[in-house]
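Reviewing the structure listed below.
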Amino acid sequence: MWQKVFGHSQNKPMGMSQYTYRPLAKGTTKIRLLRLLPHENKAARVECELIEYTLTDSVGQHPYEALSYVWGIGGGPQSILIDGRAFRVTQNLHSVLLRLRNHSVVRLLWIDAICINQKDDREKSHQIQLMRTIYGEAWRVIVWLGEEADQSSEALEAIRKAAEDASVDDLPKGYSRDRPDREKHLPSSLALVQRPWFQRIWVLQEVALARDIIIMCGPVEMNGYAFISGLQSLEVLRTAQPKLQGLVQSAYYLIKDAVFRPSYRFNTRGTLSIGELIDMYHTRHASCLHDKVYALLGMCSDDPSTDALRPNYQLPWSKVFERVIKHIISQDISVKTWPDREAAVIRGKGYMLGIIKSVATPGSRYDRQEVKVLFRDTVEALYLYMTSGVQWLLQTPAEPIRAGDIVCLLQGASAPTIVRISDSGLRIIMSSVVPRHKAIHGTSKYVPQGPPSEASVLHDLVLQWDWAPTLDSLQEKNRATAPREPHNSQPSISRSHHEDGLHNPTVLHDILTIAVPSKYNVLTSDVCGIGGAPDGASAMKALLDQAGDILPITEDIVRKAADHHDLSADLLKILFEHRGDTLPVTEQVVKAAAGNPDAHFVMTLLFKKRGDSLPITEEVVKAAAGKPESGGRILEILFKERGDILVITESVVIAAAGNQKGGASIIQYLFEQKGESLPITEAVLIAAATNPAPFNAPRTFKRELSPAIYPDDSDIPDLTAATLARVKDNCHGPNHPTTHLRSGQLEIGLQNGVNNNTNQTFAEAYPPWLTLNLTVRCRELTVIATSDLLRRLNPRDTKKNLQAITSIVPDLTEDLLSSVDQPLEIRRCSKTKRDYLLCDYNRDGDSYRSPWSNEFDPPLDDGTVPSERVRKLEVAANEAFDVYRELYYEGGVGSVYFWDLDDGFAGVILLKKGVTPGAKSSGEWDSIHVFEATDRARMSHYKLTSTVILHLANETESLGEMDLSGNMTRQVEVDLPVESDASHVANVGRLVEDMELKMRNLLQEVYFGKAKDVVGELRSLASLSEASKERATQREMIMSMHR
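Under UniProt numbering, the first residue of the sequence shown carries the number 1, and numbering increases by one thereafter.
Dropping the structure here:
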């Protein structure tokens, strides 16, 4: 074999015709090798021969050298001779051939520009698949950096000396080597690593597979390991641009590690997937865009026979780009590419899972990053947390990961993606996150308690992935990637991003909520909740440092931060640092802060930042008064800042009276501040009476109020039997059903005058003045009890039952009419001739307002109508729900009524559908959806209460008469984005549609299913004998299965 490849050529020159390739056998491991013929004259024309060679002829290394170089660096094409015929090569290749040519010995080389027919795409596609073997089994790989320039020879000598110094033993303590020329050669050394070779993508595979490497620059040759050791010792890159550092250092370790690759074995594939490799190297230069992918195939662990990875230069770049992206991320996404661009727009559905809160570089290796993630509390994030932990060691991507980057999961993807918020939208930083190592002090043993507390939001995401080279300032006019003109027929990537609305406020708001985690229970000093930490606010800081000008800091985010039980003060400090006076601090924010366990620190911060402009409303003071334990301290701050102008209303005192852990001290403090002006009403006394706390709030009132009511304590009468009877009669008389006083979830029964929580009589638990005021509460309790009773009766008879009750207790008529849902009645608008529905919400006295004409029937001169803005919304909602009614109900009647609120508006959506009564069947469906919409900057808080009243009656000969009637009520609260008034109609429509769907399913699966089972058990259609036979058969089958 050696004689075959190195033997002297017998071929003679055959004129100056152009060299023509002979095709290689298809589907084989045959390659071409270049025999560089010797010549004593260094300036003589380069003469070569091409021979065919089979890679499987030997095991281990093959007797040729593979060249790693850059095709074009200045100068025009040069002509060499191959088999006596002319062949054109680039100036750079011609220079290295002159340097490699020996004066008397043939040199056997593999050079891609010559050994592969570059005009034959089929051959290129096949030979690309052999590149791994070609470079991996070569005797040696020669890295050609170019001709001597910028004092490169002196720089290489300095690098060699630095490597030599680094290799010897350390000097004794107190001694150092005198190398005054180290700093002198830094500029020329830096110029050396700025050469185009370090930016070319093909060189990665060429040196990553090599087992022996030499570096050549002009006349100087150096061992690859020594070259890199010297560069590292000189710290050449310490003054270089960060992007240059990444490009150069990626080649550092690939060259240096060659010495550890065995020469006796080469049969394993790479350890990194194509996705990881592209993440790391996609910003490098390539003479053909296809090579952005194909140049990495020899290093990857993926199956080379995969369609998306099989080299095919005949396929357009845009198609290759699209197929590879789908292979890496998911087949469920859509990808938009362009023929002449290295960027793609990716669309798909996905979840926002977490935020990178810190990034570190472990040790001295450039190619790895240690990142810590703050996950949100959802099922998807919980799975990732349990499988990978919160601390990842990742391969450094081409654009390194930064704190504030986002972890998302695209639908159909097997691994999460890291993206970054930019001016143009969400940019992909790492397409496929694959943690290669897990921290020794991993967090898998810290399992979050309980189910996830957040609902996952599936967003429509639009992501940008840009593979373009990033070192524009270092690109020379003859760089490896040829310059390309803009493709004018397509919009720019940045413009398309803007038009696609990538700065979707819903997505950005969802990202911000991750930085304000809903579950934050400290587990250790380093791990909290799902991926949290004591410095959990660092995620918010990183996020705002990176994209603070883009992210919408809404009232809802500030409110969540103020309400956070562990990080409120830290989060608010960060928000104030970034937004200052523009941060929306509203009543809702201050109310949340006042109700926080750390309210003392949070309120102090808010007063420091906003001072007199801080909105201290009744709701804020009430939240403070009702705050267990720390409520008193908060009130002290409020009085200190606002003094006498702080208004203490009845609601505030009620909240204090009901405070279970600090009520007594708060009431005492309020008396000290307000004295006789403190409003002590019957409602306040009831709140104190229903407070089950052991501090005896009633006695606190007795101590404070007795001098005003009873000048002498001895005048306070004992609670007599007559008084107890009066209390009992007032709450449990013949016309009043048995009720309970309610305070939140606590109940104190008045039956027989006994406190059910303590088994104390009222005489033992409460003073006499309090008992006398309980009668005021009985009216309210009676209304509640009557409403509960009516809801349990047949809805068909609601009107009749309501009339019967109001005839007994006529003074409750108005209260009951406003609190009891009745089957809807239909009336026709006299002006528009359209039907509309009647309810308490469009009633004013005995008149009802039509949603179509906005007029009352019978007419009213001073009837209440909505404002102009709300009326416009009402008209739009009626039109929308008219379409909804036709689609879902296929008939029936619908009406929508809106009315104004101080901080927004409210409304009711009514829908009615009746089954045309037949001889033996009838039915009606009434839906009543009442909502409130509270405006909060660019968001709105919706509270929806939905009631369905259903009546179904049927009569058959087999089952007899059956009546299924009843009602169901459900509630939901949610914050949704609002861009304009029209958004309210869409938001409410979705809420109502989702609620009706859930309630229909619940009726179908639970109530109807249960009724069917009950009827089936009670009324069997089969005879007793048939039923007995069926049960006997079932028992026999079960017994046979056990055998």
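Note that the Cβ used here is the ideal one computed from N, Cα and C, for glycine as well. The structure presented is a predicted model; accordingly, all values stated were derived computationally and were not measured.
- Taking a contact as a CB-CB distance under 8 Å, the pair residue 52 and residue 32 counts as one, their CB atoms being some 6 Å apart.
- Listed in chain order, the non-local C-beta contacts of residue 467 below 7 Å within the same chain comprise 282, 283, 292, 342 and 343, local neighbours out to five positions each way being set aside.
- Assignment of beta strand (DSSP E) within the segment 526-597, counting only whole runs of 3 or more residues, yields no such run.
- Per the coordinates, the alpha-carbon of residue 231 lies some 48 Å from the alpha-carbon of residue 566.
- By the Cβ test, the segment 635-651 is in contact with the segment 601-612, since at least three Cβ pairs between them sit closer than 8 Å.
- In this structure, the beta-carbon distance from residue 349 to residue 509 does not fall below 8 Å.
- A distance below 6 Å between beta-carbons, with the five flanking residues on each side excluded, links residue 392 to the following residues of its chain, in chain order: 371 and 435.
- Counting every other CB atom within 10 Å of its CB across the protein chains shown gives residue 975 a total of 16 or more, marking it as buried.
- Of the residues assessed, residue 580 falls on the exposed side of the cut-off, its CB having fewer than 16 other CB atoms within 10 angstroms.
- Buried is the label assigned to residue 842, since at least 16 other Cβ atoms lie within 10 Å of its Cβ.
- Nearest to residue 831 by C-alpha distance, out of 822, 823, 858 and 806, is 858.
- In this structure, residue 653 and residue 684 form a Cβ contact; the two beta carbons are roughly 5 Å apart against a cut-off of 8 Å.
- Residue 404 is positioned such that its CB atom lies no closer than 8 Å to that of residue 376.
- In terms of CA proximity to residue 146, 68 leads the group 183, 101, 517 and 68.
- The beta carbons of residue 553 and residue 575 sit closer together than 8 Å.
- By the beta-carbon neighbour count (other beta carbons within 10 angstroms, threshold 16), residue 235 is exposed.
- A distance below 8 Å separates the beta carbons of residue 114 and residue 34.
- By DSSP's assignment, residue 836 forms a beta bridge with 827.
- Around the beta carbon of residue 190, a 10 Å sphere encloses 16 or more other beta carbons of the protein chains shown; the residue is thus reported as buried.
- Here residue 977 is bridged, per DSSP, to 939.
- Secondary structure note for residue 223: its beta strand (DSSP E) is the uninterrupted segment 220-223.
- The residue among 863, 64, 823 and 345 with its C-alpha nearest the C-alpha of residue 846 is 863.
- Within the UniProt domain "Heterokaryon incompatibility" (64-206), the complete beta strand (DSSP E) runs of at least 3 residues fall at 78-82, 85-89, 107-110 and 138-144.
- In the displayed model, residue 507 falls within a helix according to three-state DSSP.
- Taken atom to atom, the span from the alpha-carbon of residue 951 to that of residue 979 is near 40 Å.
- Between the alpha carbons of residue 197 and residue 505 lies a distance of about 44 Å.
- For residue 898, the enclosing beta strand (DSSP E) covers residues 893-901.
- Around the CB of residue 808, fewer than 16 other CB atoms lie within 10 Å, so the residue is classed as exposed.
- The beta carbons of residue 584 and residue 558 sit closer together than 8 Å.
- Here DSSP, grouped into helix, strand and coil, assigns residue 1004 to helix.
- Collapsing the DSSP output to three states places residue 961 in a strand.
- Per DSSP, residue 28 is not a residue of any beta strand (DSSP E), being assigned neither H nor E.
- Annotation: residue 651 to residue 591 spans about 14 Å, alpha carbon to alpha carbon.
- Excluding the 5 residues flanking it on each side, residue 619 has same chain C-beta neighbours closer than 8 Å at 587 and 591, in chain order.
- Residue 47 sits away from residue 103, with the two beta carbons spaced by 8 Å or more.
- The alpha-carbon separation between residue 878 and residue 852 amounts to approximately 8 Å.
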